[in-house]
Each structure stands twice: as structure tokens, then as C-alpha cells.
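What follows is a set of notes on a single structure, which appears directly below.
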Amino acid sequence: MTLLPAQTERKLGLAIDLDICVGCHACVINCKEWNTSNYGAALSDIDAYGEAPAGTFLNRIHTYEVKPPEGIAQTVHFPKSCLHCEDAPCVTVCPTGASYKRVEDGIVLVNETSCIGCGLCAWACPYGARELDAKEGVMKKCTLCVDRIYNENLPEIDREPACVRTCPANARHFGDFADPDSNVSKMSAERGGMALMSEQGTKPVNRYLPPRPKTAPASGDIDILAPFLEPIAEEPKGLLGWLDKALEQI
Amino acid sequence: MNQPKINTSPEVSDEIRRTTCYMCACRCGINVHMKDGKVKYIEGNRDHPVNRGVLCAKGSAGIMQHYSPARLRAPLKRVGERGSGEFEEISWDEAYDIAAGWLGPIRETDQRKLAFFTGRDQSQSFTSWWAQQFGTPNYAAHGGFCSVNMAAGGIYTMGGAFWEFGQPDWERTKMFMIFGVAEDHDSNPIKLGLSRLKERGAKIVGVNPVRSGYNAVADEWVAITPGTDGLFILAMVHELLKAGKVDLSYLARYTNCSQLVNCDPNSDSHGLFLRDADGKELVVDRATGKLEPFDKAGVTPDMGRDYTAEDGTLYRPVFALIAEKYLSDDYKPENVAERCGIPAEQIKRLAAELARTAFEEEIVLDREWTDFRGVKHDKMIGRPVACHAMRGISAHSNGFQTCRAIHLLQILLGSVEVPGGFRFKPPYPKPTTAHPKPHCKVTPGKPLNGPHLGFVQGPEDLAIDGDGNPIRIDKAYTWENPMSSHGLMHMVISNAYAGDPYKIDTLFMYMANMSWNSSMNTRGVMEMLSDKDENGDYVIPHIIYSDAYSSEMVAYADLVLPDTTYLERHDCISLLDRPICEAEAAADSIRWPVVEPDRDVKGFQTMLVELGVKLGLPGFVDEAGNAVFKDYADYMVNHQRRPGVGPLAGWRNEDGSGQGRGDVNPKQIEKYIENGGFWISHIPDEAQFYKPWNKGYQDWAVERGIFDAPQPYVFTPYVETMQKFRLAAQGKGDIQPPDHLRDHIEQAMDPLPVWWQPFEEAGVSTQDYPLHALTQRPMAMYHSWGSQNAWLRQIHGRNPLYVPRKVWDDHGFREGDWAKLTSHHGEITVPVVLMEALNDKTVWTWNAIGKRKGAWALGENAPETTKGFLLNHLIHELLPPKGDGLRWSNSDPITGQAAWYDLRVRISRTEAPADASSKPDLGSQESPVGRGPQDIAYEV
Amino acid sequence: MHPAPSVIAFTALSGLGFGYLFFLSLGTPELTGWPAFWAYLVAFGLSVGGLVSSTFHLGNPQRAWRAFSQWRSSWLSREGVVSVAALCVMGLYAAAAVFLGKVYPVLGFIGAFLCLGTVICTAMIYTQLKTVPRWNQPMTPILFLLFSLTGGAMLAGQIALALGLIAVLSAAQLFHWVVGDQRLAESGSSIETATGLGNIGDVRLLEPPHTGPNYLLHEMAFKVGRKHRSRLRAITMATAGALPFLILLLMPWSILAILLALVLHMVGLLASRWLFFAEAEHVQAFYYDKL
Ligand SMILES: Nc1nc2c(c(=O)[nH]1)N[C@H]1C(S)=C(S)[C@@H](COP(=O)(O)OP(=O)(O)OC[C@H]3O[C@@H](n4cnc5c(=O)[nH]c(N)nc54)[C@H](O)[C@@H]3O)O[C@H]1N2
Ligand SMILES: Nc1nc2c(c(=O)[nH]1)N[C@H]1C(S)=C(S)[C@@H](COP(=O)(O)OP(=O)(O)OC[C@H]3O[C@@H](n4cnc5c(=O)[nH]c(N)nc54)[C@H](O)[C@@H]3O)O[C@H]1N2
Ligand code: SF4
Ligand code: SF4
Ligand code: SF4
Ligand code: SF4
Ligand code: SF4
Ligand SMILES: [Mo]
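Residue numbers (this note's numbering), protein chains in the order written: chain P, 1 to 250; chain G, 1 to 940; chain H, 1 to 291.
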């Protein structure tokens, strides 16, 4: 049923920290590994060992270079998976009802048994978060690991998305954005969490925590620090003289 | 709304088997989820000390490696020419017969004819023992071309180094400097650590020509020009000394800064320490002004006063020499800035930040401890500054001294082995004197006289015969590279081919892709491996190689011994070699077959056990000639290196009570498996810092079997051993270097850290070769072996050359362009990509993405074989001729470490090749395992 | 966007077919018996053929029936429902005309309404997508409608009307391009808003997430060269508009003339549709720095 719920009881999603993401792709592969054997059909890899391998992934890491008007460029690693939008166009365009947004937690899912693989939802997504599986002909997307987060067969502590559990840099955080006191809401508030392409009106749930400001090579605070380099000696003799006195103190 | 009902609690797996990852050398703990007998999902083990639950991309792609189409299936006998890849599968019996047929006679006559080198070996305490029992002097693993500078530089300077030897105090450090690291071996721990630093608001400074990965997230990037870190670091040392921002009491007590150096240039012991009758280094006691052994109870060493002996010889404390050396204008930031490509003010500011952090943000822990002089301390003082470094520092011809410079910096700040500083992991700290010396005495039919690798203390320990000829095939421990503690695997093939120092009969290698990404001058090495002499015989008569997959090197072997995958075998990550300890705990771990092999393959170590039995090697057979161990698992449990100390430290004694020490326990492996595949024993609080000088730690280490007796020592920023080689170079002493090496040694063997211009740069015209060319480790690829992985190869299927803005504009490059990259040795044609955040004298690419056609079971036109390329074609193991009639090796003159990153190149724009493929194309090899399937959709 | 033949055929042919049906339903011309049979054969052939070809790009065509369920929210679903309704109503209308020789205007009017409805629904599938700014403009349904009517008019032999429609269509096509060329900029989306990094500086892709191809690049990062595009635009204007117009204006009216004009017009229609997809930029391509 492709009408969107008026609102959802919870808004589960990810807070992704661009300040610490080192671009290691661990989340990408662990996501693939978990999801190829769990919810829905396997994630295929076409021409797996050949000239143009093309597989289905639910999460991808882009690497950007950002050049400030003046000063040196910086490199930013940028993970991207479904943002579980509140106004998810991918859902409303779906002719079959395969795409839907869950009332209880806001997770956007594809019910593969009724998906005809028309691809319209992928066209409707501004973020490139949906990939049609070439082998199964059904639409694939991040499930927010709906088969992990409530899974009673997993220990409590592991009931979080695979990508979050595996991220070595702890750059991915999972939680309920509807609850202002949740880890992700707080983090997002503190760090000025960003909604991507807000002009597209999709109201994404996932938030991106921007990179913290960097120190420039010739940054001003040398004056504040200068005292620490106050010379006690220009040449060895002087230093050893000072040393002798200094050693008395200890 | 009615929405589909979905099962949110599906069954995850039938069983979880906990073992150790081996998609790289980091050795993380993994939970392998099994379903219907197949591997369904691999995740990190939360209890494991190394990765604490996380898992990197490679580890997560383990399934694709385990079921890789490139897996070897049975022993292979070469039927075509070397390099062709034409083989027939044979039985293990036949394989062992062939091997024994070659090795048996060698053992009885001259074991030097076997060169046994074991690549990225995690069982070196075992493989070296095998080689020792066989009796060949020619054994080492890959350390010589990897990062021996890092290891040796640290161990000679302070009894430990980075990576497995130590770690920053992630929980307390407030300023962290990371030099020349793209990924490193401790992949996950570094990432876990960096995120802790960020959470705590500590400052991270990345020193690297390239701003990617860790350097991208660093708060500050130092865009250094390759090969100049030594200058940059010593310039900071200059600033700190000038401002007196050094930890005097730390230096006086815990380092040899207070030891007295003979300053009479004419003396035979010039530059050596003043010692007492029983050889103890002497210091002046501040209290009494008298000479005392440095470690005597109650002594407070003075490092401010010279001492003149009765005979008038002047002795000066090391600290005076340090001050003298580094206060020189050569190290003024203004004087190094241009060469380093770093503004002087940035160097000064960083020095100031180090000083502020170390001394204003001092950490004090209320933990009592007693030092080796018996002095009780009620506090532990911490200087929250820590460094880490890897191959960007070590893979240069000045790498050893640059590593030492970093340690000198840390030591002057008093930040090693203190809260917030850099900390050692057991079995380190461990001074060179507590390590064995190298052994190389060959007796036909008998074992070697001791362990191959170790730490020389002077010319008397070199592996040379009476005439000064190298005893080892790799020329380790010779005057060309006296302190080559890890051997020189990268010289083995070229030396064996040249018959210099002598010809060998059999080259036996394991887990090293030497005919491809692992070698400099790849084409040359391929030729040496397949070249024949005048009688039509191969110049290197026999080659045995053990690999698990269809690599490039497999094609060059006469006999291929197929290993299992890491999920199918027993392994032990032992305290006897490269452990997985933490700064606050000793730990070791195992691998065990979580899946049984479905092919006719065996674990390599088990092969060695069986081969050892067949050859009747002592230790492998008893007097009666019966096998002592039935396989490697049996060895892991029953072998004892020293009484009560074996490969595995955990659950020793029948009842499992022994920690580190104890009798054999037949149930030991079961215990490890129950515990998740690892053992860990925590260091008591009062023993966690100041380890080299801390009685508490020393005693704990003895209990755990790490040492047999306490062995406190002081750090040695001044390395006397190096001065001994210098004296020899000056003609002093009776073991003398060849004349052509005297200046070389004199310059290199400075007992205090120095910087010199990288050799290749000095050897070529920088007008002709204006650029530095580097490689970086991709986080999601492991050298050559990741390309067979259907998931990982989609992330790195080919590699461009990254070019800085200035070069890009100067040459008028446009998107999609190709370039010719030329070095003194070779030329490659490759695609280019613009990178802004890159030192403007540097180009770089990802390492080891390029593959040879036919290898790794990849299909025709796999991008790795058409677009991908290796920088190795440009790098040569020898420097360009200097005109002195000699060929100098492209390595560090102290350790022989391969100087990969000294490479100099020139770039030019060129037409895209007609076939849109990178050049050169080194032909193709048959695949002994066929090609991978078309499409896959893995599901269990 | 990837110009998939199936989708081009679907929109072009069904549009033409429903355009023809529209005129037939209004009794222009009013046909019965055999002439009606042949006319409806062509009309249904085009419309049904188009609809069928639209299923060729489905991953799971066997489930296509499910697409009728979501008419409340989905233009694609609505298109399905309305087209089938149109075909049923016109089926009856046609049957009556062919076999009973009778014409029921009421049925005709309903049919006419549904035929145009179908064409509008088809257009709305694309028009609704904010992610493809070039499509996301009022001119899109108008253009689809005009193509449908123009072609229909020619098939129905309504020459005078056709001449007028061709003129309007040509103007509409030009206008759609002029507006379309501005849309991406107007959308406000950019690599900076896509990454949220704009406040730091200019953003460019350094490394793609994968070195090989994938679904997103294949479907939504298609690029046409500038030269190629202007050549095709010229061809479109000439074949869809100018030439048929001149033929119908200058040549004596005859089946042959009409056929010739029609064939040329269809070439233009296909060229226009190819461009409609190939020129369309999808904002997700900002992540790959392909715009
Ligand atoms: N240009 C350039 N070249 C470099 C470097 C560089 O930075 N730049 N780095 C150098 C360094 S530091 C190193 S360490 C080398 C690394 O290069 P190598 O030591 O060659 O390492 P790999 O290519 O990863 O793998 C070696 C072989 O181990 C095999 N292997 C993998 N798993 C197993 C197993 O379980 N059992 C067995 N028996 N074999 C297995 C693989 O199939 C492969 O053939 O490269 C060196 N080469
Ligand atoms: N994912 C993954 N992990 C690996 C490996 C792998 O292949 N893949 N390989 C393993 C092996 S064998 C090893 S040896 C380690 C090596 O670990 P690293 O040392 O991290 O590996 P490299 O890629 O050689 O990184 C060298 C870094 O130093 C920089 N650099 C080069 N020259 C200089 C210089 O003069 N000064 C400074 N400051 N920086 C410089 C380069 O830009 C690069 O970032 O990684 C291990 N871990
Ligand atoms: S695992 Fe974490 S650090 Fe690595 S790419 Fe993903 S988000 Fe970034
Ligand atoms: S990110 Fe894309 S797929 Fe996910 S909900 Fe938003 S629009 Fe739909
Ligand atoms: S591809 Fe599947 S989910 Fe997406 S719109 Fe079509 S039917 Fe719905
Ligand atoms: S939440 Fe689950 S499905 Fe979504 S990206 Fe992370 S791992 Fe993949
Ligand atoms: S770092 Fe990755 S590949 Fe290496 S051992 Fe750990 S999980 Fe395995
Ligand atoms: Mo290495």
C-alpha cells in the first residue's frame, strides 16, 4: 500500500559521522554479506570475475574532494544508503504496493513478492539508494536491517544494523529520530546533523554529521603557542647551563 | 494501514564458530555463522582484544575468499615452461617424494643450497625452527622488504616499535601524530583508536604527502614531501631543545642520556660508553658527583656534567651530544621548510603544540610503582603525546634513522611507556640484548647452531666468513646492511640467479607473490625465475612454492603445495613470534578448521611437519625415527621451546591452570575454542606503565613466561652498536669492512638519528625525475590476494595514477587522459586522475591492483589485467650506476630495508593506448584452476 | 536517463494509438464495417502493442497485474487502470461499429475521455519525478498530448486539423526544450546539496564507490554529447514537424501523402522520445559527479 502513513510511531534511521569516516568500505561489504543471505532474495553479482563486474549493494562509499575558496582541499569519505525518508517518493510512485513505509518504525521496505521490477521507485529516489537486482528482477534497498534490529535470535547487543556493528571507526549510529533524547537525535542536535538534498522535499530521516573544521598549515594560533617555544638557549653551552640549574629542581 | 507481515526474528545460523581472521595480518577475532554446513555470515568477535567486535571490508568478504574460484585444489607438478602456468595435479605422496628428492641430498651435503623464505608468515617461530633443524642459514620471512626499519629502528632505540610492538594510549593521549600510514597492519585497532580520540576531542595530526584515509579525518594535515620526515622531526626536536621543553628527570633516569661517551677521536673506544670492570655503563651520580653503574640502587644520574678520566680522556653525557647535534642551524625550521614542503611556521606551531600538550596537560595517575633502582613512586606521570608511523617512514633508504628520530622525539618529551603516551605490548619492551644474535653456522646433516635472525651488537656478530664473504644467500648481516634483523627476502631471487654469493639448488617459498607485486623490477624477476643456463637447465634449478590460490607466483614453481583457506586449518598466533597483545594484557590466539577442506589441500605448517618427518629432521622425529607430531595442531599443543613454555600460553597444565608457563595440556585447543579462539591475561594496574623500569611489570612478565628473569634497561637514543660499526669503518678493531664501504658505513651508522637524502634521489638528476611516485594500501584490498574476491574487486577493479594540481596544469592533463611515467629503470603507461589534496611533487596509486592475465581465475579482459597496473615495473632493487663501477642496492644501508618509496619519476601526457590498456603487458599464464563462474548470487 | 527502446516504444506507440482511437471515438471519421475493422486494427495494434512493450523492461512481468492496485497514489498504476478502461470502452465502441454497423456517441465520448486520460497518465509518470527536473514541468503532459493528437489526426485523415496541430506541437516541443534546459539549475540540487559539503567549498568526486558499472550508472547517468543532441533536435523538428507540414500543405491530399507525412512524423516522434530520456538528468548522478 503505497500511501504513506500520516506519521510513524518511531523514526528509525542512521546518523553518519563524516568527521571520522575513513572510507574503509567495511559497512558496504558487511551489509552485502548480511543481506545476501537474509531479508529477500540474494544480492547478485553479474560477471563476478569478468570484465565488468556489477553487483547489487545496499550501501556505497563515495570519496569527495572539497576545495574551500582559499586554503587547501580536504578529502571526505561519504557513505550512502537509504535515508528512510518521511516523504518517500519511492513509495508513492510504486504501482504495486511493493514499496511501503512501515507505520511502527518508519522503515521503508520493498515487499519483493509483489515487486514487478519496473524501476520507477529508483527513478523517484534522489539519492540513488535503490538498485534493481539483475538476477531476481526485484528492487533492492537498505532494510535498516529490519531482520536484525528486532531479532530475538540475536543477543540484545547485536540488535543493530550490520553496518553499524561492523564500522571500525564508529562513524555509523542507529537510533530513533522521533525521540529527542535518543543517541542519534542528541548527536545530530550537537553536531548540526544535515538532511541531504532537502530541496527535494523527501524529508530524509538519516542525518549526516559534518566534518569538524581543520587546522590550516599556517593557522594563526602560533602567537598563543609562541611562549612554549621561548628559547632558553640558542647554542648548546647555554642549554647545558640551564640544564644544570633545571636538574637541581628535580 | 495493512502492511505485509514480515518475520523480524528469522533464524540467523545453526552454530557460531569463533576463530581468527586471515584476510590480512591484523588477526581479528571472528564469529563464523554456519548454516547447513556452509559459511553464512562472518562478524567481528566482541570479546576479542584486537577488533572488539568490528570487522573491516576484507574480513567481511571472507566468504568470497573461502569459496574463491582461484583456490588451488591439489598439489601441482609443472608440465609446461616456468611462467606458463601449465601443471598436472599429483598426489601428496608424489609431491613429498619430489620435495624430499631435492631437499634430502642438500641436507646431507650443504644446506646453504636451500633458500627457504616464508613471505607474510604468521608462524615464524615454527617455520624458522623447521629451517634451523634442517640446517640452512637461508631463512627469513618478508620483513626485509616490508618494514624492518620500523621494527629494528624501534627495538634498537627503545626496545620496541610501532604496530604489534606497541600502541598509543588511545584512552588518554591528547595529541596524536601519525606519520606515513595509509592503513597499516593493525587496521581495525587504529580505526577504533582514532574514533576514541575524536570522541575525546584529542588532536590528530596526519603527516603524509597524500590526504586520504586516516589523513583525511586528521584534524591537521602536514603535506610533507616524501623522504624528508627526518628533517621535519629533527627540526621539531631543535625547537623543543631550544626551549628546554624536554622531560629532564625522565631522560636522566630512564634513558642513556646520562651515560658517558668517550669523546677522544683518537681513542679506539671513541664514541663508546664508559664502563666499569664488569661492563656496566657508568653515570655520574648527582648526589655524590661520583661515577656509579647507571642502574645502581639509589643513583640519580646526572646528564649535565662532563667527566674527565685520569688519563685525561673527556667523557660527555649523551644528552650533551644530543643538544650539540640538534641545536645546529641545519635543523632550524626555516632551513628545512622548503625541502620538506612544510611552512616553517607550521613546524614551529606543531612543536609548540607538542610542548604544550606534553607539559601543560600532564596526566597524573595515583598508582604506586617501584623502579629498577628500587625507588618507590606514588604517582604515574603521563605526557599525553603519542606517535605512530609505518612504511611512509620505513620504506626509504633513510628510514631506519627516521624511525629513530620519531622515537627520539617521543623520548625527549618523556611520552614513551607513560599514561597518554606510546605504550608497549608484551613481550615488548625487550632490549636488543634480550634478543638472540643471528646464527649461520652450517654443519652438513645437522641443525643450524641457533636461530637465524636476531640483533647484532657489533661487527663480531655479522654473518660473514673469515674473508668477509656473506654466509647468507640474501647477504643479510653483512657490511652492506649490518643490522638487517629481518633478512632480505627481496634480494634472494636476484642473488640466487647471479650465483652471488653462491649458487643454490632449491628455492622454497611460501605466501609471497614474488613474481609480481611483491618484487621490485617485476619483469626482471620473472626472467630470472624462468631463465636457463647454457645446458638448457633453469638457472635456479628447483622452485617449490606453497600458496592457497592461483597467484602469479604459482606459475613459476616446479612444485606447488596447495594450502587451505584460513577457515580450514589450525594456526597459532604465538607469543613466541608476532603476538596480538595489548598494552594492558598479554594475549595469543589460534585458528582452527571451522570448515573441512573439500579439496586435496593441507595447511602449510602441517606440510612442514610431514616433510620434516620424511626428511628425519631432529625435533620432528625421535631417536627411533618416529614422528613426534602428527600435524601442526599437535605441535601447537606439545612442542616446548623452553621448559614449560610452548607456542600457546593459555590453559597450560592438565588442569588448564598455567598462564604462560606450565606443562602441556592435551585439552589446550579445546580451551581456546571455548574461549573464542584466544587467551588473554591482564597486566596489574601498577605494572601497566613504565614497563622497562617497573619492577611490578618485570616480575609479572617472568611469571607469564615472557622472560626467564627480570631484564630492566634504559632507552638508547644513542645506539652504541652503531658506533662500533663506525669505528670499524674508521679502521679500528680487527673485523674490517671492505674499503669501498667505509664512507658509506661511517655516514650511515651515526649513533644519533640523522637525515640523509634518499639514495635514488641523490643518484638521479632531479630535473630528469622531478616527481616522487608512491603507492598506498587500499583499505578494502589486500595486496594481490583481494582481486579474486567477487565483492572487493568491484570496489578496486582498476587503479588510476593520482596527479597533483600543479603537475596536472603544467602538463595540461584533462579528465580521461593517460600518462607515461618514467623512472631510471622503466616506463609505464597509465590513466591519470586529478587530486588536489596531494603534495605537489608527488604522484601515487593504489598498490597491487594490477594482475597478470590468467592469474586469480579472473576472466578475459578483467580490468585488473587491462586497466590495473603496478608501480613495481619502475622500481629496481639496485640504484642507477654511480660510475664507481659498483651497483649499490636500493635499500637502507643499515637494515637493507627495500626503499620502495625513494622512487623518482617524470610524467608526460600521452595518447590513450589503442587497446585502452595500461602498459607494460607482461603476457599471460594458464590457469590451473580454470576461470570463475559468470554470475553469482551467494545465499545460505 | 537510459533511453531504453521498450520505454520509447511504449510511450510513442501507445500515444499514437490512443490518439487515433480518440478521433475514431469522436466519429472523425465515422467508420463502420470493414473500413472500421482495419482502422481499429491499426489503432488497437498501436495502443496495445505500446502497452505490451512497456512490460518488456519489467524484472517480473508475470506480476504485472499487481500494477493496477495502487491507482490512489501511483501514476503508473493509474496509467494501467485508465488504459485498460479505455481499451474496454473503445473495444465495445469498435465492436458495435464493425459488427453492428452502429455508433454509440455516448460510449464514444467516454472512450475519448479515457484515451486522452491514458496519454496524460503516461506523461504524468515522468512529469511527477522531481528527481528528473527536465521532465518535471507542465509542458511534459502537453507535449505528450500534442504528439498523441497530431499523430492521431494524421491517421484519422484530419489533415486540416493535423496541420494546425503540427504547428502547435512544433512550438510546444521547442518550448519543452527551452524550459527543460533550465530545469536542472532551477531544481536547486547540486553536488553540494547532495553531499551537504557546500558550506566548506566546491565539491568534486575523487573516487567512485566502485570501479565497475552498476544499475544506477546504467539507468540514471546516461549522457548525450552536445553535438549529437543538437543534431537530433534538428532532426526531430524537421521530421516531426516541418516536413510532414510541408507535405500535407503542398502535396495533393492522398493516402500516399498522408502515409509519407505520418512515417516522417513517427521518425520525429521516436527521435523526440529518445532525446526525452537521453537528455534527462537524474539528480542522483550528482553523487557520481556525472552532471
Ligand atoms: N609497489 C609496491 N610494491 C610493494 C609494496 C608497496 O608498498 N608498493 N609493499 C611491499 C610489502 S610491504 C609487502 S609485505 C609485499 C606484499 O606482497 P606479498 O607478500 O606478495 O603479499 P600478497 O600479494 O598479499 O600475497 C602473497 C601470496 O600469499 C598467498 N596467500 C594468501 N592466503 C594464503 C594462505 O592462506 N596460504 C598460503 N600458503 N598462501 C596464501 C596469496 O595468494 C599470494 O600469492 O608487497 C611489497 N610490494
Ligand atoms: N587493507 C590493507 N591493509 C594492509 C595491507 C594491504 O595490502 N591492504 N598491507 C599490509 C602490509 S604488508 C603492510 S607492510 C602495512 C603497511 O601499512 P602502511 O605503511 O600504512 O601502508 P602503505 O600503503 O605503504 O602506506 C604508506 C603511507 O606512507 C605515505 N608515504 C609515502 N612516503 C612517505 C614519506 O616520505 N613520508 C610520509 N610521512 N609519508 C609517506 C604514503 O602516502 C602512504 O599513505 O599494511 C598492512 N595492511
Ligand atoms: S565502515 Fe565506517 S568508516 Fe568505514 S566506510 Fe563505513 S562508515 Fe566509513
Ligand atoms: S532514500 Fe530514496 S529509497 Fe530511501 S526512502 Fe528516501 S527516496 Fe526512498
Ligand atoms: S520496482 Fe518494485 S518496488 Fe519499485 S516501483 Fe516497481 S514495483 Fe514498486
Ligand atoms: S542498515 Fe543494514 S541494510 Fe542498511 S546499509 Fe546498514 S547494513 Fe545495509
Ligand atoms: S583487519 Fe580485517 S582482514 Fe585484517 S584480520 Fe582484521 S578483519 Fe581480518
Ligand atoms: Mo608489508
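Where is the CB? At the ideal position from N, CA and C, for every residue including glycine.
Note down, in chain order, every chain G residue with its Cβ under 8 Å from the Cβ of residue i.
i               : result
P236 of chain P : A320, A323, E324, L327
S37 of chain P  : K35, K40, Y41, Y938, E939, V940
Would residue i be called buried (16 or more neighbouring beta carbons within 10 Å of its own) or exposed?
i               : result
N153 of chain P : exposed
W592 of chain G : buried
H824 of chain G : buried
F56 of chain H  : exposed
V50 of chain G  : buried
M251 of chain H : exposed
For residue i, which of helix, strand or coil comes out of DSSP?
i               : result
Q659 of chain G : coil
I258 of chain H : helix
Y538 of chain G : strand
E720 of chain G : helix
T402 of chain G : helix
S99 of chain P  : strand
A627 of chain G : strand
A555 of chain G : helix
G797 of chain G : coil
V890 of chain G : Here the sequence assigns Asn to residue 890 of chain G, which means Val is not the residue at that position. Coil, per DSSP.
C387 of chain G : strand
R148 of chain P : helix
F359 of chain G : helix
I20 of chain P  : coil
What residue does the alpha helix (DSSP H) around residue i start on, and which one ends it?
i               : result
C146 of chain G : 143-146
N215 of chain G : 214-217
H744 of chain G : 742-748
C572 of chain G : Premise fails: C572 of chain G lies in the beta strand (DSSP E), 571-573, not in any alpha helix (DSSP H).
Which chain G residues are close to residue i, counting only those with a beta carbon under 9 Å from its beta carbon?
i               : result
L149 of chain H : Residues of chain G passing the Cβ test: none, with the nearest at roughly 40 Å.
C275 of chain P : The structure shown does not extend to residue 275 of chain P, since chain P is modelled only from 1 through 250, so no value can be given for it.
Taking the beta strand (DSSP E) that residue i falls in, what are its first and last residues?
i               : result
Y713 of chain G : Where Y713 of chain G is concerned, there is no enclosing beta strand (DSSP E), given that its DSSP letter is neither H nor E.
Y697 of chain G : No beta strand (DSSP E) holds Y697 of chain G; the alpha helix (DSSP H) holding it covers 695-703.
Determine the chain H residues that contact residue i at a beta-carbon separation under 9 Å, and present them in chain order.
i               : result
I106 of chain G : Simply none; closest approach about 46 Å.
Which residues of chain H have a Cβ atom closer than 8 Å to the Cβ of residue i, listed in chain order?
i               : result
Q934 of chain G : Going along chain H, no residue has its Cβ under 8 Å from Q934 of chain G, so there is no contact; the nearest lies around 15 Å.
T96 of chain P  : R63, R66, A67, S69, Q70, S77
Name the chain P residues whose beta carbon is nearer than 9 Å to that of residue i?
i               : result
R134 of chain H : Near R134 of chain H there are no residues of chain P at all, since even the closest Cβ is about 13 Å away, more than 9 Å.
Run through chain H and tell me which residues come within less than 7 Å of residue i, C-beta to C-beta.
i               : result
G137 of chain P : G59, N60
Using a cut-off of 7 Å between C-beta atoms, extract the partners of residue i located in chain G.
i               : result
D253 of chain P : Not covered by the structure: residue 253 of chain P. The range shown for chain P is 1 to 250.
Chain P partners of residue i, CB-CB under 7 Å?
i               : result
E186 of chain H : Ordered by position in chain P, no residue passes the 7 Å Cβ test against E186 of chain H, which lies about 10 Å from the chain.
What residues in the stretch 260-281 of chain H have a beta carbon less than 9 Å from any beta carbon of chain C? Chain labels in this structure do not include chain C; the protein chains are P, G and H.
Mind listing which residues have their beta carbon within less than 6 Å of any non-hydrogen atom of ligand 7? Chain order is fine. G:C21, G:M23, G:C24, G:C26, G:R27, G:C28, G:N51, G:L55, G:C56, G:K58, G:G59, G:S187, G:N188
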